[in-house]
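**Q** Residue numbers (my numbering): 52 to 183. We put the CB at the ideal spot given by N, CA and C, even for glycine.
1. Residues in its own chain within less than 8 Å of residue 133 by CB, not counting five upstream and five downstream?
2. Would you mind stating whether residue 145 and residue 128 have Cβ atoms separated by less than 8 Å?
3. Rounded to the nearest angstrom, what separates residue 65 and residue 174 at their Cα positions?
4. Have a look at the DSSP bridge pairing and note the partners of residue 121.
5. Write down the C-beta distance between residue 86 and residue 136 rounded to the nearest angstrom, noting that I regard them as a contact closer than 8 Å.
6. Which residue or residues does DSSP assign as beta-bridge partners of residue 54?
7. Could you compute how far the alpha carbon of residue 54 sits from the alpha carbon of residue 98?
8. Just tell me which of 124, 163, 153 has its CA closest to the CA of residue 96.
9. Distance check for residue 88 and residue 106, CA to CA, integer angstroms please.
10. What residue range is occupied by the uninterrupted beta strand (DSSP E) comprising residue 84?
11. Pull up the distance between the alpha-carbon of residue 71 and that of residue 148, whole angstroms please.
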């Protein structure tokens, strides 16, 4: 049973959703993308933003990505690939988060699927205030 609403439900395609980036920019209300290193994600975000502008759409459309993280006990461990993202130290995670901010990732969905540390021990590493 689907709840009835008289309001439009926002559409956030995930990945490419069997569509083109042009369609996503024109018809989506935002975009959820799978993890990519910042240098790869930057080009995709740039293309997405340019297509939104090209479609004469001044509306803000957020870019979201998932981030699979496995924090290592060594706070300075360099990123080591794991499926879909990285195993790294908390200081390197902070650097990575600033890189994603710099390329205009608006939201990150943290996934602890591969984490070896219990989630309740990971949460304190994340600030409870807005990071500027």
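**A** In short:
1. To locate residue 133, count along the chain shown from 1; it is residue 82. So the list reads 119, 121, 165, once near-sequence residues are dropped.
2. Working through the chain shown from its first residue, we reach residue 145 at position 94. Working through the chain shown from its first residue, we reach residue 128 at position 77. No.
3. The residue you call residue 65 lines up with position 14 of the chain shown. The residue you call residue 174 lines up with position 123 of the chain shown. Approximately 25 Å, taken between the alpha carbons.
4. Taking the first residue of the chain shown as position 1, residue 121 is located at position 70. Its beta-bridge partners are 138.
5. Here residue 86 refers to the residue found at position 35 when the chain shown is read from its first residue. Here residue 136 refers to the residue found at position 85 when the chain shown is read from its first residue. Yes, they are in contact, since the Cβ atoms of residue 86 and residue 136 sit about 5 Å apart, within 8 Å.
6. As a first step, residue 54 must be located in the chain shown, where it is residue number 3. In DSSP, residue 54 forms no bridge with anything.
7. By 1-based counting over the chain shown, the position of residue 54 is 3. By 1-based counting over the chain shown, the position of residue 98 is 47. If I take the Cα positions, the gap works out to 35 Å.
8. Here the question's residue 96 lines up with position 45 in the chain shown. When only C-alpha atoms are compared, the closest one is 153.
9. Within the chain shown, the letter at position 55 stands for residue 106. Within the chain shown, the letter at position 37 stands for residue 88. Each residue's alpha carbon lies about 27 Å from the other.
10. Taking the first residue of the chain shown as position 1, residue 84 is located at position 33. That run of the beta strand (DSSP E) goes 82 to 84.
11. Taking the first residue of the chain shown as position 1, residue 71 is located at position 20. Taking the first residue of the chain shown as position 1, residue 148 is located at position 97. If I take the Cα positions, the gap works out to 27 Å.
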